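See below for the structure under consideration.
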Amino acid sequence: MTRAELFDFSDDATLGQQAHDLARRLWPIDRSLTGAGVVETLEVLREALPNLTLHTVPSGADAFDWVVPQEWRVNAAYLVTPDGRRICDFAVNNLHLVGYSQAQRATLSLQALQPHLHSLPDQPDAIPYVTSYYGENWGFCLTQTERDSLPDGDYQVVIDTDHFDGELTYADLVIPGQSPEEILFSTYICHPSMANNELSGPVVAHALAQIIAAEPRRKYTYRFVFVPETIGALIYLSRNLEKLRTSVRAGFVLTCVGDERARSYMPSRKGDTLADRAALAALSSIDFDRYSFLQRGSDERQYCAPGIDLPVCSVMNSKYGTFPEYHTSLDDLEFVTPRGLTAALTTHRRILRILERNCAPKTLVLGEPQLGRRGLYSNLSKVGSATSAMPMRNLIAYADGTQDLIALCDTLDEPFETLADLADMLADAGLFSLTGNPD
Numbered sequence: 172m173t174r175a176e177l178f179d180f181s182d183d184a185t186l187g188q189q190a191h192d193l194a195r196r197l198w199p200i201d202r203s204l205t206g207a208g209v210v211e212t213l214e215v216l217r218e219a220l221p222n223l224t225l226h227t228v229p230s231g232a233d234a235f236d237w238v239v240p241q242e243w244r245v246n247a248a249y250l251v252t253p254d255g256r257r258i259c260d261f262a263v264n265n266l267h268l269v270g271y272s273q274a275q276r277a278t279l280s281l282q283a284l285q286p287h288l289h290s291l292p293d294q295p296d297a298i299p300y301v302t303s304y305y306g307e308n309w310g311f312c313l314t315q316t317e318r319d320s321l322p323d324g325d326y327q328v329v330i331d332t333d334h335f336d337g338e339l340t341y342a343d344l345v346i347p348g349q350s351p352e353e354i355l356f357s358t359y360i361c362h363p364s365m366a367n368n369e370l371s372g373p374v375v376a377h378a379l380a381q382i383i384a385a386e387p388r389r390k391y392t393y394r395f396v397f398v399p400e401t402i403g404a405l406i407y408l409s410r411n412l413e414k415l416r417t418s419v420r421a422g423f424v425l426t427c428v429g430d431e432r433a434r435s436y437m438p439s440r441k442g443d444t445l446a447d448r449a450a451l452a453a454l455s456s457i458d459f460d461r462y463s464f465l466q467r468g469s470d471e472r473q474y475c476a477p478g479i480d481l482p483v484c485s486v487m488n489s490k491y492g493t494f495p496e497y498h499t500s501l502d503d504l505e506f507v508t509p510r511g512l513t514a515a516l517t518t519h520r521r522i523l524r525i526l527e528r529n530c531a532p533k534t535l536v537l538g539e540p541q542l543g544r545r546g547l548y549s550n551l552s553k554v555g556s557a558t559s560a561m562p563m564r565n566l567i568a569y570a571d572g573t574q575d576l577i578a579l580c581d582t583l584d585e586p587f588e589t590l591a592d593l594a595d596m597l598a599d600a601g602l603f604s605l606t607g608n609p610d
């Protein structure tokens, strides 16, 4: 894939492969909270999403209790060993440098250098991901195996970085629907060289945005947000809060949606929003791990914070922090697979269908309607003839406009799609109104 081409929606497996191809293209880009890597990533995504709008915020701007940091640029970073070898070279792997490291040129003994080295004794072949966005630090990351082999002697430290007043860049895309009420998807674009905890979210968002834009009719308006994690969500909220409070009916953070090991659900803080209910309805037919908001760790922290209270949850594959590859060089494009991305896309497409078809059905007749004369029930009554019609009759019995179809799934013990199809059929027969507004 030489550019971010329009995706083929003919089947989810093809879509998963195309999403993986896009992740492979984005993989080499050096990303952080700020800088050219973020802009380059967004420009690639904009190739197939021309209405994606980029925004900039200057360093020092306030975002609630936070301040936008300076921009950070890496020109070069590496160590030279006593025997003249160059190691921990940022040009070889951008995880080698602690994120936002201050410039440094020094000659240090191995003993003096050790506090600035980071490795994982329990994962000797992994390079850890370490950052210091909001404090003046510097350091290098390497495998424990390499660290254990370092010879005594003096090391040359070369960190050629710039911190300067610049800009933080983020992007959003709004796809209008019949209603101004919105469904929000938020993902982040700040992690270098990590596939599940970073690139899986943007490429799945990229695919979903194309799918939604291609639909001839949409009940909801859809908002896609691409931001650096934490500070980006805070910036976005600080500049759009009233609009989001008024419009967003359900929202989802897209992260860790590319591996094959698990399926996971992180609720909103309130736990019973339309987003939570649609997510659980979509997951009802598969095994998944259910977490508590006490185990939160991504941008649901910002969207669900007290006083903001947006209805935002997450449906992930393996939850962040639960897989050993998390925040290491092992979170790569072998760990994230086309099949894993396909699974996430299938689930999120089902969530979209549930949201679009959900309603609070209300019967338009008094008493039980006569189904036979409408061709909805057999005119021949015998033992067992009512059994096949029970889902429809049960739906009619509860269609008083006070419960939406998602809630009726639990009440009637039927899949959402079954009830939605029945509701459409009964509406076509003139027996139901489907204009009720859920929640």
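In the working numbering, the protein residues as written are 172 to 610.
All residues carry an ideal CB built from backbone N, CA and C; glycine is no exception.
None of these values were measured; they are calculated from a predicted model.
Inter-stretch contact at 8 Å, needing at least 3 Cβ pairs: the region 316-334 / the region 205-224 | no
CA-CA distance, residue 199 and residue 373?
-> Counted from its first residue, the sequence shown places residue 199 at position 28. Counted from its first residue, the sequence shown places residue 373 at position 202. If I take the Cα positions, the gap works out to 15 Å.
If you follow the alpha helix (DSSP H) that residue 523 is part of, which residue opens it and which one closes it?
-> Taking the sequence shown and counting its residues from 1, the one referred to as residue 523 is at position 352. Here the alpha helix (DSSP H) through residue 523 covers 509-528.
Can you name the residues that DSSP bridges to residue 436?
-> Position 265 of the sequence shown, counted from the first residue, corresponds to residue 436. Residue 436 is bridged to 461 and 486.
If you draw a straight line from the C-alpha of residue 517 to the C-alpha of residue 245, how long is it?
-> In the sequence shown, counting from the first residue as 1, residue 517 sits at position 346. In the sequence shown, counting from the first residue as 1, residue 245 sits at position 74. Approximately 39 Å, taken between the alpha carbons.
Contact the region 569-579 vs the region 446-458: 3+ CB pairs below 8 Å = yes
Find out if the Cβ-Cβ distance for the pair residue 460, residue 435 is shorter than 8 Å.
-> Within the sequence shown, the letter at position 289 stands for residue 460. Within the sequence shown, the letter at position 264 stands for residue 435. Contact: yes.
Same chain, Cβ closer than 6 Å to residue 464, five either side skipped, listed in chain order | The residue you call residue 464 lines up with position 293 of the sequence shown. Closer than 6 Å at Cβ, skipping near neighbours: 438 and 440.
Report the three-state DSSP secondary structure of residue 605 (helix, strand or coil).
-> By 1-based counting over the sequence shown, the position of residue 605 is 434. DSSP places residue 605 in coil when its eight states are reduced to three.
Are the Cβ atoms of residue 476 and residue 444 separated by less than 8 Å?
-> On the sequence shown, position 305 is the one that residue 476 refers to. On the sequence shown, position 273 is the one that residue 444 refers to. Cβ atoms of residue 476 and residue 444: not closer than 8 Å.
Under 8 Å between C-beta atoms of residue 227 and residue 340 | By 1-based counting over the sequence shown, the position of residue 227 is 56. By 1-based counting over the sequence shown, the position of residue 340 is 169. Yes, these two residues count as a Cβ contact at 8 Å.
Endpoints, alpha helix (DSSP H) assigned at residue 196 | Taking the sequence shown and counting its residues from 1, the one referred to as residue 196 is at position 25. That run of the alpha helix (DSSP H) goes 183-197.
Within the same chain, show all residues whose beta-carbon is closer than 6 Å to that of residue 278, passing over the 5 residues directly before and after it, in chain order.
-> By one-based count along the sequence shown, residue 278 stands at place 107. 325 and 327, listed in sequence order.
Any chance you could list the alpha helix (DSSP H) runs of at least 4 consecutive residues sitting entirely within the region 273-323, in chain order?
-> 281-284 and 315-319
Nearest CA to the CA of residue 355: which residue from 481, 270 and 593?
-> Mapped onto the sequence shown, residue 355 falls at position 184. Measuring from the Cα of residue 355, the nearest candidate turns out to be 481.
Measure the C-alpha to C-alpha separation of residue 500 and residue 266 and round it to an integer number of angstroms.
-> For the purposes of this step, residue 500 is taken as the residue at position 329 of the sequence shown. For the purposes of this step, residue 266 is taken as the residue at position 95 of the sequence shown. Approximately 7 Å between the Cα atoms of the pair.
Reduced DSSP secondary structure (H/G/I, E/B, other) of residue 362 | Looking up residue 362 in the sequence shown gives position 191. Residue 362 falls in the coil class under three-state DSSP.
Hey, out of 238, 541 and 393, whose CA is closest to residue 155's CA?
-> Since the first residue of the chain shown is 172 and the last is 610, residue 155 is not available in this structure.
Nearest-angstrom Cα separation, counted from residue 519 out to residue 554 = Mapped onto the sequence shown, residue 554 falls at position 383. Mapped onto the sequence shown, residue 519 falls at position 348. Note that residue 554 scores 41 on pLDDT, short of 50, meaning its location in the model is unreliable; the coordinates nonetheless yield the value given after this. In a straight line, the C-alpha of residue 554 is about 42 Å away from that of residue 519.
The alpha helix (DSSP H) with residue 565 in it runs from where to where?
-> Here the question's residue 565 lines up with position 394 in the sequence shown. Per DSSP, residue 565 belongs to the alpha helix (DSSP H) from 561-569.
Go ahead and pull the three-state DSSP assignment for residue 419.
-> Position 248 of the sequence shown, counted from the first residue, corresponds to residue 419. DSSP places residue 419 in strand when its eight states are reduced to three.
Between 320, 431, 587 and 542, which lies nearest to residue 564 when the distance is taken from Cα to Cα?
-> Indexing the sequence shown from 1 puts residue 564 at position 393. Of the listed residues, the one whose Cα sits closest to residue 564 is 542.
Can you give the beta carbon distance from residue 161 to residue 213, rounded, assuming they're within the 8 Å contact cut?
-> Shown here, the chain extends from 172 to 610; a query on residue 161 therefore has no answer.
Residue 383, enclosing alpha helix (DSSP H) - first and last residue | For the purposes of this step, residue 383 is identified with residue 212 of the sequence shown, where counting begins at 1. Its alpha helix (DSSP H) spans residues 371-385.
For residue 229, the residue or residues it bridges with in DSSP | For the purposes of this step, residue 229 is taken as residue 58 along the sequence shown, with counting starting at 1. DSSP output for residue 229 lists 338 as bridge partner(s).
Ends of the beta strand (DSSP E) at residue 248?
-> Counting from one through the sequence shown, the residue named residue 248 turns up at place 77. It spans 242-251 - the beta strand (DSSP E) in which residue 248 sits, taken as one unbroken run.
Expressed to the nearest angstrom, what Euclidean distance is found between the alpha-carbon atoms of residue 378 and residue 511?
-> What you label residue 378 is simply residue 207 of the sequence shown in a count that begins at 1. What you label residue 511 is simply residue 340 of the sequence shown in a count that begins at 1. Going from the Cα of residue 378 to the Cα of residue 511 covers about 14 Å.
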